[in-house]
């Protein structure tokens with residue numbers, strides 16, 4: 242049996258790096274995807290990736306605000322399930 246601690250860092254070691262990476266990807270894609278989104282007619286915007294970028298950016302801001310207030314979110318995954 243392999244040591245799962247090497248492949249799964251657990252909640253105590255995960256979080257900051259992933260949030261920073263996600264923020265970097267959102268920031269990188271934001272301008273081009275926003276331009277593309279705004280060039281579409283309103284009926285053609287549904288499901289555009291820019292809506293997902295907005296969702297992720299809003300989530301990141303809420304998480305940062307919560308953490309600055311002293312509240313921390315921990316995601317725990319049960320064996321065999323996905324988060």
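Numbering (the numbering used here), first residue to last: 242 to 324. Glycine included, every Cβ here is placed at the ideal spot set by N, Cα and C.
- Can at least three beta-carbon pairs, one atom from the stretch 260-276 and one from the stretch 284-298, be found at a separation below 8 Å? Yes: at least three Cβ pairs fall under 8 Å.
- Query: Under the three-state reduction of DSSP, which class applies to residue 285: helix, strand or coil?
  - Reply: Counting from 1 along the chain shown, the entry for residue 285 is found at position 44. Here residue 285 carries a helix assignment [DSSP, helix/strand/coil].
- Limits of the unbroken alpha helix (DSSP H) element including residue 272: In the chain shown, residue 272 corresponds to position 31, counting from 1. Run containing residue 272: 257-280, per the alpha helix (DSSP H) assignment.
- Return the Cβ separation of residue 290 and residue 260 in integer angstroms, given the expectation that the two are a contact with Cβ distance under 8 Å. Taking the chain shown and counting its residues from 1, the one referred to as residue 290 is at position 49. Taking the chain shown and counting its residues from 1, the one referred to as residue 260 is at position 19. Beta-carbon to beta-carbon, residue 290 and residue 260 are separated by about 20 Å, too far to satisfy the 8 Å threshold.
- Query: If residue 301 and residue 270 are in contact, beta carbons under 8 Å, what's the gap, nearest whole angstrom?
  - Reply: Within the chain shown, residue 301 is the residue found at index 60, counting from 1. Within the chain shown, residue 270 is the residue found at index 29, counting from 1. With 8 Å as the limit, residue 301 and residue 270 do not qualify as a contact, their Cβ atoms being about 13 Å apart.
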